[in-house]
Each structure stands twice: as C-alpha cells, then as structure tokens.
Amino acid sequence: MNPTILKGACHCGTVTFEVDTPLEPAVRCNCSLCRRRGAVMSPPFPADKLRILSGENELAMYEFNTRVAKHFFCRRCGIYTFHQTRANPDQWRVNLGCIEGVDAYSLDAPVADGASSSVVTGA
Ligand SMILES: [Zn+2]
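Take any residue in the sequence shown, note its place counting from 1, add 91, and you have its number in this note's numbering.
Dropping the structure here:
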C-alpha cells in the first residue's frame, strides 16, 4: 500500500475513506458555510484520489447558492468529510480534521476569502 495515502473517518466511524493528497497548503474559508463548520481543508485534488471505503449510503449531500459545489457529511454524526469544489468540479477537498494521525490545527491554514466569491447575484 502506498504510504502517502491518508486514512479518514467521520466522528462516528460510519464513513471511512482514503485520500492521496498532500496536507499543505491547507486552507480555511470565510464563506457562509465554512465559517459555520470551521474545518481546516486539504489542498484540492482530483476526484480519483478519493476512495470511500465505507458508509457511502450514509453520506448526505448539501448544495447551496450556485449548487456547483457538493458538500458531503455523515447523516449519523453530522460531520463534514469532503466536498467537490465550486471553482473546479473535478477537484475535491477533505476535512483534515477527519484524517488519522494529523493535527489539522498545527498546519498553516490561512483563511481564504470565499465570502467574496460565494454569492452570485441573481443565481
Ligand atoms: Zn458519522
């Protein structure tokens, strides 16, 4: 097995996944959704780097505003696990707080200005 693959899980352990991504540059975001969930997120990676190992049918999906980004969370424990990005729907990010053995708060994770780009007038 590739040792660079990170293992992740939601809080209750229903949803587990593997992802092949560097940890940095990590990011937080001040958009209306991210400022509520407060997650430190991985850099974007292509969809095929993410593999859901369990709990796929317990994942719920949330969309808002432009409805391009798809935000996934565990319907049992409510934890955000990963999302498909709006800037490029081929790119995903994971919640680094879900990754085994990673202290997400020790990473340098500047706050991206998602608030300025998250509202599309007339959308
Ligand atoms: Zn869960």
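Cβ atoms here follow ideal geometry from the backbone N, Cα and C, with glycine treated the same way.
Bridge partners of residue i, per DSSP?
i	result
residue 191	DSSP output for residue 191 lists no bridge partner at all.
residue 107	100, 145
residue 159	Note: residue 159 sits in no beta bridge, so no partner.
residue 122	Residue 122 is not bridged to any residue.
residue 137	182
residue 202	119
residue 165	150
Taking 7 Å as the cut-off, is the C-beta of residue i nearer than that to any heavy atom in ligand 2?
i	result
residue 168	Among the ligands present in this structure, namely ligand 1, ligand 2 is not found.
Residue i: which of the options sits nearest, CA to CA?
i	options	result
residue 111	105, 121, 98, 120	98
residue 161	203, 192, 175	175
residue 194	119, 181, 104, 131	131
residue 118	190, 208, 185, 191	185
residue 114	208, 127, 207, 198	198
residue 180	128, 135, 122	135
residue 165	155, 150, 158	150
residue 183	156, 95, 109, 104	109
residue 137	202, 207, 173	173
residue 128	208, 189, 207	189
residue 100	196, 156, 144	144
residue 178	157, 171, 139	157
residue 142	208, 200, 196, 96	96
residue 122	116, 155, 187	155
residue 208	200, 159, 196, 187	159
How close, in whole Å, do the beta carbons of residue i and residue j come, if the pair is a contact with beta carbons under 8 Å?
i	j	result
residue 205	residue 125	6 Å
residue 146	residue 105	4 Å
residue 167	residue 120	Going by Cβ atoms, the distance from residue 167 to residue 120 rounds to 25 Å, so no, they are not a contact pair.
So is residue i buried or exposed if we call it buried at 16+ other beta carbons inside 10 Å?
i	result
residue 202	exposed
residue 133	buried
residue 171	buried
residue 163	buried
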